[in-house]
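For the sequence shown, the numbering used here gives the first residue as 5, with consecutive numbering after it. Have a look at the structure below, then the notes.
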Amino acid sequence: MLGTLTQDVRFAIRQLINRPGFTAGAVLTLALGIGANSAIFSVVNGVLLRPLPYEASDRLMALWHRDIEDGDLGSTSLENFRDWKEQAAAFGDMAAFGRATGTLMTDEVAQRLSGARVTTNTFRLLGVSPRLGRDFVEDDAVEGAGRVVILSHGLFARTFGGDPNLIGRTVRLSGVEHEVIGVMPRGFHTPHYREAEFWRPLGEAAGCGRGCWFARVVGRLAPGATRDEVRAQLDVVGERLAAEYPDDNKNVRIAAVPIREELVGDVRPALLVMLVGVGLVLLIACVNVANLLLARAISRERELALRAAIGASRARIVRQLLTESVTLAAIGGAVGVYVAFLVVDALIALSPPGLPRLDAVGLDGPVIAAMAALAMLTGIVFGLVPALHAGRTDAGGALTRDRSATWRHGRGRLRDALVVAEISLALTLLVGAGLLLKSFITLLRVDPGFDADGLLTAETQFIGERYAQGPPRIAFYDELFARLESRSDVTSAAGVWLLPITEGDVVSGIEVEGRPDVLPSDQPAASMRAVTDGYFEAMGIPLISGRRILASDDANGRRVIVISESMAREIWPDQDPIGRRIRFGLRFEDPEPWREVVGVVGDVKLQGLDDRDRAIAYMPYRQFAVGSLSVVLRTTGDPARLAAPFRAAVRSVDPQVVVYDIASMDRIVSASLAERRFFMLLLSAFAALAVTLASVGIYAVTNYSVRSRTKELGIRMAIGARATDVQRAVLVRAAVVAALGVGLGGGAALGLTRLMQGLLFRTSPLDPMVFVGVALLLAVVTLFAAWLPARRAALVDPLRALRQE
């Protein structure tokens with residue numbers, strides 16, 4: 005048996021070498037299909053399947069506040085976290101996380117860093133220990149204890165050269181000395197705030213009130229506890245806290261989400277769509293190669309018939325042809341490994357920053373093993389049909405009939421069926437890509453509420469005690485904006501606390517003067533912003549009624565506020581809000597003052613172009629100098645050219661103020677679309693590859709049909725058929741094939757679009773324009789691919805054709 009197999013493999017290799025054109029085309033087709041599949045599978049494996057880098061990660065769950073009215077999930081307070089931890093016995097332990105930022109000063113160079121504040125048990129709960137130094141202990145979070153910090157491996161290596169002697173030394177973080185007590189392992193990320201490069205202790209007593217929701221929570225299930233038990237127990241705890249603290253908890257309960265779902269849930273649908281898409285590409289590649297093998301089998305029909313006539317069994321012939329197809333697939337798979345490496349590198353390089361677990365993506369052992377199995381399966385799939393048909397060869401008939409008779413005896417119909425399959429698969433992919441493209445274009449047309457053209461943004465950060473109070477902060481920005489506006493290429497300069505189209509937001513309940521008191525949980529809510537005078541002009545946010553914030557709106561004047569259209573509609577529907585007064589549920593001053601509405605401005609997208617219109621309350625920075633600002637400059641030319649002058653202006657006012665994240669607003673808006681753009685382009689690339697393979701397949705089948713029927717066509721023309729009749733017959737056959745493929749593909753596309761519903765923005769998964777447009781496109785591609793062979797058929801010389809053997 006082994007000897008026969010070896011003989012079959014040698015013969016298969018010899019056959020492939022003897023036909024280099026066929027072999028090269030088939031190997032390239034398979035390499036593209038297998039390589040693309042392997043690359044996407046490596047991403048799916050790394051992001052969705054590979055174990056998380058935490059001990060017993062399947063026992064970890066993220067806990068959230070869940071709004072009982074709209075189902076939205078959100079952070080909680082440290083007070084609630086403490087109660088969850090004490091009352092939910094199904095959890096062995098819980099840890100809390102809070103966002104942190106800091107400016108690291110080293111040798112007069114400032115780095116703006118993202119970090120996190122974590123309860124001291126966090127790393128132990130995750131089952132990960134520092135690579136160097138020690139973990140946090142409870143005393144580190146006690147008020148008055150020395151400031152300590154644990155660094156990420158990336159920051160440790162990049163900034164401090166990986167010097168182990170750093171442990172025990174101090175670093176200056178946001179103007180305060182912190183002792184470095186540990187360094188986490190390479191590639192470690194916490195489940196929340198994965199971008200964090202440092203961690204500081206968060207004391208459980210450091211809350212700012214039960215209504216101050218900033219903490220994210222992770223819990224580890226107790227031994228023997230099940231997720232159903234956990235959810236039932238959390239329901240009881242949530243009801244209890246709502247009854248005990250109705251001011252803050254009346255409308256919220258507790259939701260628990262498996263930590264893997266928390267980390268990758270947002271990208272799972274997109275990755276599954278990509279996996280289906282690349283699988284369709286591989287099927288099209290298989291159909292193409294099956295058609296090539298079927299053509300070869302027809303051309304070798306006499307050879308195979310002769311082998312059958314001298315005693316070869318049908319099983320022996322089928323096995324030989326399957327060996328050839330599997331050998332071809334093995335070669336294609338080997339080349340596909342190289343293609344996969346290239347594609348994986350490109351995917352990692354082009355992937356958006358928010359795609360989770362990219363560090364786990366790679367062509368490892370399981371992926372290579374899956375590639376090998378895929379190559380073997382592919383060889384069997386595309387080789388089985390031609391092999392079985394060749395095995396049915398009638399030795400006597402094959403030795404006497406010509407190839408046109410072979411075509412008429414059913415092989416032509418089989419090849420047409422394979423082309424129908426190609427078209428239907430390509431249409432399915434094109435519909436998916438078309439829906440994502442239309443969704444993306446729709447998103448690009450969304451008005452963000454401001455004019456992003458010609459707008460430069462930059463973040464500033466105060467360091468040290470000099471700017472601990474409001475007046476020095478206000479004076480700094482007054483001087484900075486005056487210097488910037490003195491330039492001829494700057495039309496206006498202003499500042500905002502929490503720039504639009506970013507992740508940052510602070511939301512507060514709103515108390516409306518003259519209305520009955522309600523529980524804080526029943527109050528309307530608004531996103532809060534502090535802005536300098538001139539902000540609305542610089543951003544191009546339109547004034548709807550009233551006035552904008554002025555320089556005279558300072559600490560000595562009455563408290564004023566400007567609100568968004570959505571806030572006006574929500575709180576005072578069909579009424580004029582100008583002159584009305586509100587105050588915030590979050591107590592920034594004691595007592596929190598009433599603030600008079602003096603203006604209404606247009607709605608602005610805060611979290612991205614796909615965000616809903618939110619209620620926004622704008623306070624004058626001179627009355628609410630909350631901290632450092634994002635600076636916006638309206639320019640007359642290219643905003644990027646002002647980056648260096650802006651840095652120089654800040655240095656001239658105060659060289660200790662840190663500047664970072666200088667970018668045009670166009671770039672910020674574009675970056676917010678990075679994930680959608682990435683998946684749209686990826687599926688579009690697969691669709692383009694599918695259409696290319698399908699068009700090549702259509703051309704090959706039509707061309708082979710014309711060549712194999714040359715004698716038949718010559719006879720038809722000899723007895724009176726016109727060239728246009730012959731050309732029309734070829735094109736009609738192609739049109740019938742295209743119609744069948746489009747019909748079947750439309751049904752298959754309906755299945756794919758169900759997976760895509762969550763990826764679309766204001767676009768129906770059954771959008772008729774996309775379906776009709778894709779169908780017409782494929783019809784045109786099919787007819788164009790068939791046109792050249794049809795034209796060749798019309799030019800057949802009857803006399804030459806009749807002499808053909």
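Ideal Cβ positions, reconstructed from N, Cα and C, are used throughout, including at glycine. Since the structure is predicted, the reported quantities are computational estimates derived from the model, not experimental observations.
- Straight-line gap, residue 799 to residue 790 (C-alpha atoms, nearest Å): In the sequence shown, counting from the first residue as 1, residue 799 sits at position 795. In the sequence shown, counting from the first residue as 1, residue 790 sits at position 786. One C-alpha to the other measures close to 15 angstroms.
- Task: May I have the straight-line CA-CA distance separating residue 362 from residue 196, to the nearest angstrom?
- Result: Taking the sequence shown and counting its residues from 1, one reaches residue 362 at position 358. Taking the sequence shown and counting its residues from 1, one reaches residue 196 at position 192. Each residue's alpha carbon lies about 16 angstroms from the other.
- Task: Take the Cβ of residue 127 as the centre, count every other Cβ of all protein chains shown within 10 Å, and call the residue buried at 16 or more, exposed below.
- Result: In the sequence shown, residue 127 corresponds to position 123, counting from 1. With 16 or more Cβ atoms within 10 Å of its Cβ, residue 127 is classed as buried.
- Just tell me which of 146, 297, 32 has its CA closest to the CA of residue 16. Working through the sequence shown from its first residue, we reach residue 16 at position 12. The residue with the shortest Cα to Cα distance from residue 16 is 297.
- Residues bridged to residue 71 by DSSP? Reading the sequence shown from its first residue, position 67 is the one you call residue 71. Residue 71 is bridged to 256.
- Query: Is DSSP giving residue 665 helix, strand or coil here?
  - Reply: The sequence position of residue 665 within the sequence shown is 661, counting from 1. Strand at residue 665.
- In chain order, what residues of the same chain have a beta carbon less than 7 angstroms from the beta carbon of residue 744, not counting five sequence neighbours either side? Numbered from its first residue, the sequence shown carries residue 744 at position 740. Cβ within range, chain order: 424.
- Message: Quick check: what's the CA-CA separation for residue 401 versus residue 288?
- Response: Looking up residue 401 in the sequence shown gives position 397. Looking up residue 288 in the sequence shown gives position 284. Unreliable positioning characterises residue 401 in this predicted model, as indicated by a pLDDT of 48, which lies under 50. A coordinate reading is not provided.
- Short check: CB of residue 782 to CB of residue 431, under 8 angstroms? Indexing the sequence shown from 1 puts residue 782 at position 778. Indexing the sequence shown from 1 puts residue 431 at position 427. For residue 782 and residue 431, yes; Cβs fall inside 8 angstroms.
- Task: Give me the Cβ distance between residue 257 and residue 232, rounded to the nearest whole Å; I'm assuming they're in contact under 8 angstroms.
- Result: Counting from one through the sequence shown, the residue named residue 257 turns up at place 253. Counting from one through the sequence shown, the residue named residue 232 turns up at place 228. Residue 257 to residue 232, Cβ: 16 angstroms. No contact.
- Of the residues 334, 121, 261, 487, which one's Cα is nearest the Cα of residue 218? By one-based count along the sequence shown, residue 218 stands at place 214. If we check each option's Cα against that of residue 218, 121 comes out closest.
- Task: Kindly indicate the opening and closing residues of the alpha helix (DSSP H) around residue 476.
- Result: Within the sequence shown, residue 476 is the residue found at index 472, counting from 1. For residue 476, the enclosing alpha helix (DSSP H) starts and ends at 474-489.
- Item | Contact set for residue 590: own chain, Cβ-Cβ below 6 angstroms, skip 5 residues either direction | Indexing the sequence shown from 1 puts residue 590 at position 586. Taking C-beta separations shorter than 6 angstroms and ignoring five residues to either side along the sequence, the partners of residue 590 in its chain run 512, following chain order.
- Message: Given this structure, state the Cα-to-Cα distance separating residue 647 from residue 450, to the nearest angstrom.
- Response: For the purposes of this step, residue 647 is identified with residue 643 of the sequence shown, where counting begins at 1. For the purposes of this step, residue 450 is identified with residue 446 of the sequence shown, where counting begins at 1. Each residue's Cα considered, the two are about 28 angstroms apart.
- Query: If we count the other Cβ atoms within 10 Å of its Cβ and call it buried at 16 or more, is residue 277 buried or exposed?
  - Reply: Working through the sequence shown from its first residue, we reach residue 277 at position 273. With 16 or more Cβ atoms within 10 Å of its Cβ, residue 277 is classed as buried.
- Tell me, please, whether the stretch 16-34 touches the stretch 242-252 by the rule of three or more beta-carbon pairs shorter than 8 angstroms. The way I'd put it, the stretch 16-34 doesn't touch the stretch 242-252; fewer than three beta-carbon pairs between them come closer than 8 angstroms.
- Item | Residue environment, residue 466, which counts as buried when at least 16 other CB atoms sit within 10 Å | Counting from one through the sequence shown, the residue named residue 466 turns up at place 462. Classification of residue 466: buried, given that the 10 Å Cβ count is 16 or more.
- Find out if the Cβ-Cβ distance for the pair residue 20, residue 331 is shorter than 8 angstroms. Within the sequence shown, numbered from 1, the residue matching residue 20 stands at position 16. Within the sequence shown, numbered from 1, the residue matching residue 331 stands at position 327. Yes, they are a contact pair.
- Message: Suppose you measure from the CA of residue 750 to the CA of residue 429; what does that come to, to the nearest Å?
- Response: Taking the sequence shown and counting its residues from 1, the one referred to as residue 750 is at position 746. Taking the sequence shown and counting its residues from 1, the one referred to as residue 429 is at position 425. Between the C-alpha atoms of residue 750 and residue 429 there is a straight-line separation of about 9 angstroms.
- Going by the CB atoms, is the gap between residue 129 and residue 224 shorter than 8 angstroms? By 1-based counting over the sequence shown, the position of residue 224 is 220. By 1-based counting over the sequence shown, the position of residue 129 is 125. In this structure, the beta-carbon distance from residue 224 to residue 129 falls below 8 angstroms.
- Best match in 795, 747, 49, 778 for proximity to residue 364 [C-alpha to C-alpha]: Looking up residue 364 in the sequence shown gives position 360. For the residues 795, 747, 49, 778, the minimum Cα distance to residue 364 belongs to 49.
- Item | Contacting residues, own chain, Cβ-Cβ under 7 angstroms from residue 653 (five flanking each side not counted) | The sequence position of residue 653 within the sequence shown is 649, counting from 1. Excluding positions up to five away in sequence, the list reads 484, 487, 488.
- Message: For residue 666, count the other beta carbons within 10 Å of its own beta carbon; 16 or more makes it buried, fewer makes it exposed. Which is it?
- Response: Here residue 666 refers to the residue found at position 662 of the sequence shown. Buried, because 16 or more other Cβ atoms sit within 10 Å of the Cβ of residue 666.
- Message: DSSP three-state label for residue 174, please.
- Response: Residue mapping note: residue 174 aligns to position 170 of the sequence shown, counting from 1. For residue 174, the secondary structure class from DSSP, reduced to helix, strand or coil, is strand.
- Measure the C-alpha to C-alpha separation of residue 627 and residue 554 and round it to an integer number of angstroms. Position 623 of the sequence shown holds residue 627. Position 550 of the sequence shown holds residue 554. Rounded to the nearest angstrom, the two C-alpha atoms are 11 angstroms apart.
- What does a CB cutoff of less than 6 angstroms around residue 761 pick up in its chain, not counting 5 residues either side in sequence? Here residue 761 refers to the residue found at position 757 of the sequence shown. Excluding positions up to five away in sequence, the list reads 769.
- Query: Between residue 704 and the rest of its own chain, which residues show a CB-CB distance below 8 angstroms, the 5 nearest in sequence each way excluded?
  - Reply: Against the sequence shown, residue 704 aligns to sequence position 700. Around residue 704: 292, 295, 296, 299.
- Query: What does residue 622 pair with, by DSSP beta-bridge criteria?
  - Reply: Sequence index remark: in the sequence shown, residue 622 carries index 618 (1-based). Residue pairing by DSSP places residue 622 opposite 533, 566 in a beta bridge.
- Quick one: which unbroken alpha helix (DSSP H) runs of 4-plus residues sit fully inside the stretch 191-265? Chain order, please. Fully enclosed alpha helix (DSSP H) runs of 4 or longer: 231-248, 250-253.
- Message: Using DSSP's beta-bridge definition, name the partner residues of residue 586.
- Response: For the purposes of this step, residue 586 is identified with residue 582 of the sequence shown, where counting begins at 1. Bridge partners of residue 586 according to DSSP: 516, 599.
- Message: In whole angstroms, give me the CA-to-CA distance for residue 569 and residue 622.
- Response: The sequence position of residue 569 within the sequence shown is 565, counting from 1. The sequence position of residue 622 within the sequence shown is 618, counting from 1. Cα to Cα, the separation comes out at about 12 angstroms.
- residue 130: first and last residue of the uninterrupted alpha helix (DSSP H) it sits in: If you number the sequence shown from 1, residue 130 lands on position 126. Looking at the DSSP string, the run of the alpha helix (DSSP H) that includes residue 130 is 126-130.
- Message: Taking only three categories from DSSP, how would you classify residue 768?
- Response: Here residue 768 refers to the residue found at position 764 when the sequence shown is read from its first residue. Correct three-state label for residue 768: coil.
- Message: Within the continuous beta strand (DSSP E) that includes residue 185, where are the two ends?
- Response: By 1-based counting over the sequence shown, the position of residue 185 is 181. Unbroken beta strand (DSSP E) run through residue 185: 180-187.
- Message: Give me, in chain order, the residues of the same chain whose beta-carbon lies closer than 7 angstroms to that of residue 641; leave out the 5 immediate sequence neighbours on both sides.
- Response: By 1-based counting over the sequence shown, the position of residue 641 is 637. Cβ neighbours of residue 641 beyond the five flanking positions: 493.
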